[in-house]
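Residue numbers (the numbering used here), protein chains in the order written: chain V, 5 to 268; chain X, 10 to 166.
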């Protein structure tokens, strides 16, 4: 026997007994369950609220931007590894400044700048006769550049800012998915034969290598966001930067260092 | 005899002109302490013990223009060639009230970075250039005395 709706669609049919007495009984049971549930909710709600209140002071606030490590604040330095440096808008940016600084005595200037960088919580990453590369917390970059300008003559100055938010988010996403993939593969070991186990192991090795690579890229990106880089050259980078350009004013074509030295 | 007279005059005038051109350059400047002048030279040249050089020369003021125009044109031309201007140009009046402007440029030369300083005087149909050059570290040591000396420079003796 098939039961049909008024539109002619087939529907499942119960026994005639269930059709008459069962709905009323089911309704009663439902009402009882609903009232029990309401009582339970009302009873537990204040307790949950109290728990929330009690737990509130334990919620850890995100580290403030000023928690970037400085020599005066060694505790901040410890936590600073994890604390990236999002700016006021929450974005992570890298800052890199390049300067050509002319000084009479590069050795003295180099020592002075290294000392100042240390005072600002930074450190040198490259020390050469003709150049010095320093890393400082991003918020100290302006102070360091101003100090550099006081040391001699700044011939060229560039500042590059790159937004790393997207790159870091992408790498974090990749890392998460690879880790999930790895844990899923681990679960397959139990029910697999030797050949399958070998294949799983091979895949896992590849994924582990990829995870390490992503971790490395992430570390680099986070480091770039955490430290501003100042590249100070005491000499021009390009040794042959002069190109002959003809001037419509004849005498100007005779003004050049080479001509001066030849004719002296 | 009568024919040879104009020839003799011409020769004498030419000789006088040649002698005049062989004479000392028509410039004067108080001696900067670290510099020595090439006394015997027909050119106005000075040098320090460590090789910072100074020289004056003349070029035509053509098309005729004022000091500001030429200093601006020179700065633009030098920067277009790859020189880096060292600070702002410095315009001043000499001790005798003549107007001049100095612009300094830097460039790599060999293993060192050099300074080329150009001080421009506009004297009627001529532009007088006082040029100085030297490696930055050595130039910086004599820069002040050089500036003071150039302020006493006179294009016409």
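We put the beta carbon where it would ideally sit given N, CA and C, even for glycine.
Values in this document were obtained by computation on a predicted structure and should not be read as measured data.
- Residue 118 of chain X sits in a strand when the DSSP states are folded into three classes.
- Note that the C-beta distance between residue 142 of chain X and residue 261 of chain V is below 7 Å.
- Secondary structure note for residue 184 of chain V: its alpha helix (DSSP H) is the uninterrupted segment 169 to 192.
- Under the 8 Å Cβ criterion, the stretch 158 to 172 of chain V does not count as touching the stretch 250 to 259 of chain V, having fewer than three qualifying pairs.
- One finds 93 in chain X with Cβ atoms closer than 8 Å to the Cβ of residue 160 of chain V, taken in chain order.
- Taking residue 205 of chain V as reference, the option from V:265, V:244, V:188 with the minimal CA-CA separation is V:188.
- Nearest in C-alpha terms to residue 164 of chain V, of all of V:130, V:112, V:235, V:185, is V:235.
- For residue 97 of chain V, the enclosing beta strand (DSSP E) starts and ends at 97 to 106.
- Around the beta carbon of residue 71 of chain X, fewer than 16 other beta carbons sit within 10 angstroms, so the residue counts as exposed.
- Cβ-Cβ separation between residue 103 of chain X and residue 154 of chain X: approximately 16 Å, too far for a contact (criterion under 8 Å).
- Apart from sequence neighbours up to five positions away, the residues of its chain that approach residue 59 of chain X with a beta-carbon distance below 7 Å are 147, ordered along the chain.
- The beta carbons of residue 124 of chain X and residue 98 of chain X sit no closer together than 7 Å.
- Every unbroken stretch of the beta strand (DSSP E) spanning 3 or more residues and falling wholly within the stretch 30 to 62 of chain X is given here in chain order: 44 to 46, 53 to 57.
- Taken through DSSP and simplified to helix, strand or coil, residue 124 of chain V comes out as coil.
- Boundaries around residue 220 of chain V are those of the alpha helix (DSSP H), 198 to 230, since no beta strand (DSSP E) includes it.
- Taking 7 Å as the upper bound on Cβ-Cβ separation, chain V lies near residues 54, 62, 64 of the stretch 43 to 64 of chain X.
- Residue 122 of chain X counts as buried, since no fewer than 16 other beta carbons sit within 10 angstroms of its beta carbon.
- Below 8 Å, too few C-beta pairs join the stretch 216 to 226 of chain V and the stretch 113 to 120 of chain V to call them touching: fewer than three.
- In the structure shown, residue 94 of chain X adopts extended strand secondary structure according to DSSP, grouped into three states.
- The DSSP-derived three-state label of residue 251 of chain V is coil.
- The count of Cβ pairs closer than 8 Å, one atom from the stretch 222 to 242 of chain V and one from the stretch 91 to 104 of chain V, reaches three, so the stretches are in contact.
- In this structure, residue 169 of chain V places its C-beta atom within 7 Å of the C-beta atom of residue 96 of chain V.
- Look at residue 165 of chain V here: in three-state DSSP terms it is strand.
- Listed along the chain, the chain V residues whose CB falls inside 9 Å of the CB of residue 73 of chain X amount to none; the nearest CB is some 12 Å away.
- DSSP places residue 142 of chain V within a helical segment (H, G or I) once states are collapsed to three.
- Secondary structure at residue 237 of chain V: strand, using DSSP grouped into helix, strand and coil.
- According to the DSSP assignment, residue 146 of chain X belongs to no beta strand (DSSP E) but to the alpha helix (DSSP H) extending over 145 to 159.
- In the displayed model, residue 84 of chain X falls within a helix according to three-state DSSP.
- The beta-carbon of residue 231 of chain V is placed no less than 7 Å from the nearest beta-carbon of chain X.
- At a cut-off of 7 Å between beta-carbon atoms, residue 149 of chain V makes no contact with chain X.
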